[in-house]
């Protein structure tokens, strides 16, 4: 009886054979370590200038106006957009204070990732 041809790894350009129960080969299935917060630009200056300044100004969430603000959110431009334009991403005037629930909702809307990631057509 003929045997089925081995499957290929689902990573683009990889010709490896996936491990049983996985769609990726062992090389592609390795988790990639996430950069630290400070490596992403959220170090001491972010804590002391941006976050402290935003939360001192906005003690209540600026979206729902009900819960206390616990997150300093870059707005109306994202941190990436500020850096790309050469603007100070640690300036508290470029942020707003949000409660945890509103911060999660806003992040999901404007920076979808994982299963919610959308292509350029959206």
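In the working numbering, the protein residues as written are 3 to 124. Don't be surprised by glycine CBs; every beta carbon is placed ideally from N, CA and C.
_Continuous beta strand (DSSP E) stretch holding residue 74: start and end_ = Judged by DSSP secondary structure, residue 74 falls within the beta strand (DSSP E) whose first and last residues are 73-76.
*Just tell me which of 26, 73, 61, 41 has its CA closest to the CA of residue 15.*
Residue 26 is the option with its Cα nearest to residue 15.
_Could you tell me the alpha carbon to alpha carbon distance between residue 124 and residue 108, rounded to whole angstroms?_
Because residue 124 carries a pLDDT of 43, less than 50, the predicted location of this residue cannot be relied on, and the following value inherits that uncertainty. Distance between the alpha carbons of residue 124 and residue 108: 16 Å.
*Considering only residues of the stretch 32-57, which uninterrupted alpha helix (DSSP H) runs meet the minimum length of 4 residues and lie entirely inside it, listed in chain order?*
As far as the stretch 32-57 is concerned, it has no whole alpha helix (DSSP H) run of at least 4 residues.
*CB residue 71 to CB residue 100, shorter than 9 Å?*
Yes, the Cβ-Cβ distance between residue 71 and residue 100 is below 9 Å.
*Can you list, in chain order, the residues of its chain whose CB lies under 7 Å from that of residue 29, leaving out five sequence neighbours each side?*
Apart from the 5 residues on each side of it in sequence, residue 29 sits with its Cβ closer than 7 Å to the Cβ of 18 in its chain, given in chain order.
*Residue range of the beta strand (DSSP E) that residue 100 falls in?*
In the DSSP assignment, residue 100 falls within the unbroken beta strand (DSSP E) covering 97-100.
*Proximity to residue 69 [Cα-Cα], best of 75, 91, 83, 60*: For residue 69, the nearest C-alpha among the options comes from 60.
_Helix, strand or coil at residue 70 according to DSSP, with G and I counted as helix_ = The answer is strand: DSSP assigns residue 70 an E or B state.
*Same chain, Cβ closer than 7 Å to residue 33, neighbours up to 5 away in sequence not counted*: Cβ neighbours of residue 33 within its own chain (closer than 7 Å, five residues either side excluded): none.
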